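2 protein chains.
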Amino acid sequence: MGKRVKLTVAYDGTNYCGWQIQPNGNTIESELNRHLSELLQEEIRVVGASRTDAGVHALGNVAVFDTSARMPADKISYAMNTRLPEDIRIQDSREVPQDFHPRFCKTIKTYEYRICHRRFPNPCERLYSLFYYWDLDVERMRAGAAHLVGEHDFSSFCTSRPEITNHVRTIYSLEIEERGDMITLSVRGNGFLYNMVRIIAGTLLRVGNGTIQPEEIPEILAAKDRRRAGETARPQGLTLVRIEYPDYPDAFC
Amino acid sequence: MGKRVKLTVAYDGTNYCGWQIQPNGNTIESELNRHLSELLQEEIRVVGASRTDAGVHALGNVAVFDTSARMPADKISYAMNTRLPEDIRIQDSREVPQDFHPRFCKTIKTYEYRICHRRFPNPCERLYSLFYYWDLDVERMRAGAAHLVGEHDFSSFCTSRPEITNHVRTIYSLEIEERGDMITLSVRGNGFLYNMVRIIAGTLLRVGNGTIQPEEIPEILAAKDRRRAGETARPQGLTLVRIEYPDYPDAFC
Numbered sequence: 014m015g016k017r018v019k020l021t022v023a024y025d026g027t028n029y030c031g032w033q034i035q036p037n038g039n040t041i042e043s044e045l046n047r048h049l050s051e052l053l054q055e056e057i058r059v060v061g062a063s064r065t066d067a068g069v070h071a072l073g074n075v076a077v078f079d080t081s082a083r084m085p086a087d088k089i090s091y092a093m094n095t096r097l098p099e100d101i102r103i104q105d106s107r108e109v110p111q112d113f114h115p116r117f118c119k120t121i122k123t124y125e126y127r128i129c130h131r132r133f134p135n136p137c138e139r140l141y142s143l144f145y146y147w148d149l150d151v152e153r154m155r156a157g158a159a160h161l162v163g164e165h166d167f168s169s170f171c172t173s174r175p176e177i178t179n180h181v182r183t184i185y186s187l188e189i190e191e192r193g194d195m196i197t198l199s200v201r202g203n204g205f206l207y208n209m210v211r212i213i214a215g216t217l218l219r220v221g222n223g224t225i226q227p228e229e230i231p232e233i234l235a236a237k238d239r240r241r242a243g244e245t246a247r248p249q250g251l252t253l254v255r256i257e258y259p260d261y262p263d264a265f266c
Numbered sequence: 014m015g016k017r018v019k020l021t022v023a024y025d026g027t028n029y030c031g032w033q034i035q036p037n038g039n040t041i042e043s044e045l046n047r048h049l050s051e052l053l054q055e056e057i058r059v060v061g062a063s064r065t066d067a068g069v070h071a072l073g074n075v076a077v078f079d080t081s082a083r084m085p086a087d088k089i090s091y092a093m094n095t096r097l098p099e100d101i102r103i104q105d106s107r108e109v110p111q112d113f114h115p116r117f118c119k120t121i122k123t124y125e126y127r128i129c130h131r132r133f134p135n136p137c138e139r140l141y142s143l144f145y146y147w148d149l150d151v152e153r154m155r156a157g158a159a160h161l162v163g164e165h166d167f168s169s170f171c172t173s174r175p176e177i178t179n180h181v182r183t184i185y186s187l188e189i190e191e192r193g194d195m196i197t198l199s200v201r202g203n204g205f206l207y208n209m210v211r212i213i214a215g216t217l218l219r220v221g222n223g224t225i226q227p228e229e230i231p232e233i234l235a236a237k238d239r240r241r242a243g244e245t246a247r248p249q250g251l252t253l254v255r256i257e258y259p260d261y262p263d264a265f266c
């Protein structure tokens, strides 16, 4: 019986077709499997916590795998970082209990969505934010965001997937910071439906530009109708910042 | 007689061989000349304010050209941004007096140098910062930086070029901000020698890690010897933020 290892994985999603292995195209999952298998000299298949879409970034996605290799778990981060392409970097590697599962355990995830709000795009931010030209009232956005905090049915804020029937999730906090020309939405919750953060961002942009009133957010939630919310904001602005496992405090780096 | 037009140019320097036209390789200057010539239907050759190196970024470099085209100067930014590759974006275009010259007029330039200070690299910052692992004492860096502010002979802080004989420059301010894992040096002065900001950054890193004492900076300046200062920090961390023309207040956007 080998050990179970948890990796905290950061990546620039620009050059990948997302996390999950695809028949055509390079993915984060396939890069991890290939380099882990070469490093540990056995076939490794990671299980990821969050299957981010193409263009989405991560600072703290989580991948878990079992191995019988003798390399200490905490050394795997260093060894992998000499092998991986420079747009993927392991931030932490550690042994976790055999019953730890990156998706089925209770998790708290934090995402950031960045909006570069200026007259013309900043080329250095084009791959890591949404460029937005029109007026935005950040105080209105905060007032709208406040209605999303708490336990709600987020059917209006997701792209439906037939296998997901329960759309109730809890958002613990949704903060909006403005610093120079960068507006950052930071959202922490116990789970996120498909495209949920990007739809929240697109909806709060509409609140900010005046086409949705902050007070309409409860109605949009109650409608349970995707067409009532705003656009799905582009993936480049989204970063999966952190995944906490409250039942495994030692597993968090 | 046509008009003289000033462009404020932002670019991600990652995929360019710097500003200045090279026999082989793509440059910011050659992209501007090509697209301006196509847009205005006459041969345009810009004069740039700062010939940034390969990998260096800009939010506010300046290019000037003369044209007899009838397109209003302030419309050129919009027209150019539909033509340029997405890693170059004009931030402002305006008519300036015929005697305005981007290099020979008095200028105040602001550069930023970004240091990503963490245990493992953040892939999304790899092209826009220097990754630094070892301990840094930011208060020591600030103490060292204070000795560089003012009028000094910066011979120790430049890569020598035979055509430049006067190495006296004035730094008006040199501020160091730490925010999360990002340390940003912000330096404003009346002119910068070749590689000067990158050598200042490399030297202040040595002050931060303890291998140079803050009090040694005046001695390093006085030595007028490049070998006394720190390394030339990598270009990716450097951004030319802004160029002010104090004698032409209307030319500044």
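Here the protein sequences come in this chain order: A and B. Going by this note's numbering, the first residue of the first sequence is number 14, and it counts up by one from there. Going by this note's numbering, the first residue of the second sequence is number 14, and it counts up by one from there. In this text, a Cβ means the ideal position worked out from N, Cα and C, and glycines have one as well. This structure is a prediction, so every number in the text was calculated from the model and none was measured.
- Task: For V60/A, collect the residues of the same chain with a Cβ closer than 8 Å to its Cβ; drop the 5 residues on either side in sequence, then sort them by chain order.
- Result: By one-based count along the first sequence, residue 60/A stands at place 47. Excluding residues within five positions, the ones whose Cβ falls inside 8 Å are A76, V77, F78, H114, P115 and R116.
- Any C-beta of chain B under 8 Å from that of Y24/A: Counted from its first residue, the first sequence places residue 24/A at position 11. Closer than 8 Å to some Cβ of chain B, the Cβ of Y24/A qualifies, so yes.
- Terminal residues of the alpha helix (DSSP H) in which S50/B lies: In the second sequence, residue 50/B corresponds to position 37, counting from 1. S50/B -> alpha helix (DSSP H) spans I41 to L53.
- Message: Within 8 Å of any Cβ in chain B, is that where the Cβ of C171/A sits?
- Response: Looking up residue 171/A in the first sequence gives position 158. No, because no Cβ of chain B sits closer than 8 Å to the Cβ of C171/A.
- Item | DSSP state of I186/B mapped onto helix, strand, coil | On the second sequence, position 173 is the one that residue 186/B refers to. Before going on, a small fix: residue 186/B reads as Ser here, not Ile. S186/B: strand per DSSP, three-state reduction.
- May I have a chain-ordered list of the beta strand (DSSP E) segments no shorter than 3 residues that lie completely inside the stretch 50-114 of chain B? Qualifying beta strand (DSSP E) stretches, in chain order: 70-80 and 101-109.
- Hey, would you say H48/A sits closer than 8 Å to L97/A, going by beta carbons? As a position in the first sequence, residue 48/A is number 35, starting the count at 1. As a position in the first sequence, residue 97/A is number 84, starting the count at 1. A contact, by the Cβ cut-off of 8 Å.
- Task: Name, please, each residue of chain B whose Cβ falls closer than 9 Å to the Cβ of D100/A.
- Result: Your numbering for residue 100/A matches position 87 in the first sequence. Those within 9 Å of D100/A in chain B are P136, C137 and R139.
- Item | N- and C-terminal bounds of the alpha helix (DSSP H) containing L234/A | In the first sequence, the residue the question calls residue 234/A occupies position 221. Note, L234/A: alpha helix (DSSP H), I230 to A236.
- Task: Closer than 6 Å by C-beta to P227/B: which residues in its own chain qualify, once you throw out the five before and the five after it? Chain order, please.
- Result: Translated into the one-based positions of the second sequence, residue 227/B becomes position 214. These residues qualify, in order along the chain: R153, A156, G157 and V220.
- Task: Under the assumption that D166/B contacts K237/B (Cβ atoms under 8 Å), give the Cβ distance between them as a whole number of angstroms.
- Result: Taking the first residue of the second sequence as position 1, residue 166/B is located at position 153. Taking the first residue of the second sequence as position 1, residue 237/B is located at position 224. Right, their Cβ atoms sit about 6 Å apart.
- Item | Residues bridged to C129/A [DSSP beta-bridge criterion] | Residue numbering aside, residue 129/A sits at position 116 when the first sequence is read from its first letter. Its beta-bridge partners are F144/A and M195/A.
- Task: Leaving aside the five residues before and after D150/B along the sequence, list all residues of the same chain whose C-beta is less than 6 Å from its C-beta, in chain order.
- Result: In the second sequence, the residue the question calls residue 150/B occupies position 137. Contacts found: G221.
- Item | As assigned by DSSP and simplified to three states, the class of D166/A | Along the first sequence, one-based indexing puts residue 166/A at 153. Here D166/A sits in strand by DSSP.
- Query: At least one CB of chain A closer than 8 Å to the CB of L20/B: is that the case?
  - Reply: In the second sequence, residue 20/B corresponds to position 7, counting from 1. Output row for L20/B: interface = no.
- Could you tell me whether the stretch 81-98 of chain A touches the stretch 25-34 of chain B, where touching means 3 or more Cβ pairs closer than 8 Å? no
- Could you check the C-alpha separation between R205/B and R182/B for me, to the nearest Å? As a first step, residue 205/B is located in the second sequence; it is residue number 192 there, counting from the start. As a first step, residue 182/B is located in the second sequence; it is residue number 169 there, counting from the start. Correcting the residue identity first, residue 205/B is Phe in this sequence and not Arg. Their Cα atoms are separated by approximately 7 Å.
- Determine the chain B residues that contact L72/A at a beta-carbon separation under 8 Å, and present them in chain order. Residue numbering aside, residue 72/A sits at position 59 when the first sequence is read from its first letter. Result: N135 and C137.
- Item | Straight-line Cα distance separating G73/A from G215/A | By 1-based counting over the first sequence, the position of residue 215/A is 202. By 1-based counting over the first sequence, the position of residue 73/A is 60. The alpha-carbon atoms of G215/A and G73/A are separated by roughly 23 Å.
- Inter-residue Cα distance where the pair is R255/A and S63/A: In the first sequence, the residue the question calls residue 255/A occupies position 242. In the first sequence, the residue the question calls residue 63/A occupies position 50. The alpha-carbon atoms of R255/A and S63/A are separated by roughly 11 Å.
- Query: Y24/B and A71/B: beta carbons closer than 8 Å?
  - Reply: Counted from its first residue, the second sequence places residue 24/B at position 11. Counted from its first residue, the second sequence places residue 71/B at position 58. Yes. Within cutoff.
- Query: What's the C-alpha gap between V69/A and T80/B?
  - Reply: The residue given as residue 69/A occupies position 56 in the first sequence. The residue given as residue 80/B occupies position 67 in the second sequence. Answer to the nearest angstrom: the Cα atoms are 43 Å apart.
- Query: Going by C-alpha distance, which of R139/A, S106/A, A235/A and E164/A is nearest K88/A?
  - Reply: In the first sequence, residue 88/A corresponds to position 75, counting from 1. Of R139/A, S106/A, A235/A and E164/A, the residue nearest in Cα terms is S106/A.
- Message: Using a Cβ-Cβ distance cut-off of 8 Å, determine whether Q104/B contacts chain A.
- Response: Indexing the second sequence from 1 puts residue 104/B at position 91. It does; some Cβ of chain A falls within 8 Å.
- Report the neighbours of S90/B on chain A: residues whose CB is nearer than 8 Å to its CB, in chain order. By 1-based counting over the second sequence, the position of residue 90/B is 77. Those within 8 Å of S90/B in chain A are F133.
- Item | Residues in the stretch 35-52 of chain B having any Cβ partner in chain A nearer than 9 Å | none
- Message: Using CA atoms only, rank isn't needed, just tell me which of V18/A, A86/A, A67/A and P231/A is closest to G163/A.
- Response: Numbered from its first residue, the first sequence carries residue 163/A at position 150. Of V18/A, A86/A, A67/A and P231/A, the residue nearest in Cα terms is P231/A.
- Measuring CB to CB, does D263/B end up less than 8 Å from C118/B? Indexing the second sequence from 1 puts residue 263/B at position 250. Indexing the second sequence from 1 puts residue 118/B at position 105. Contact flag unset, no.
- Task: Step through the CB atoms of chain A and report whether any lies within less than 8 Å of the CB of N94/B.
- Result: Walking along the second sequence from the start, residue 94/B turns up at place 81. Closer than 8 Å: yes.
- Query: With DSSP run on the structure shown, which of helix, strand or coil describes G38/A?
  - Reply: Here residue 38/A refers to the residue found at position 25 of the first sequence. Coil, per DSSP.
- Message: I need the straight-line Cα distance from N37/A to S50/A, nearest angstrom please.
- Response: As a working note, residue 37/A is residue 24 in the first sequence. As a working note, residue 50/A is residue 37 in the first sequence. Going from the Cα of N37/A to the Cα of S50/A covers about 20 Å.
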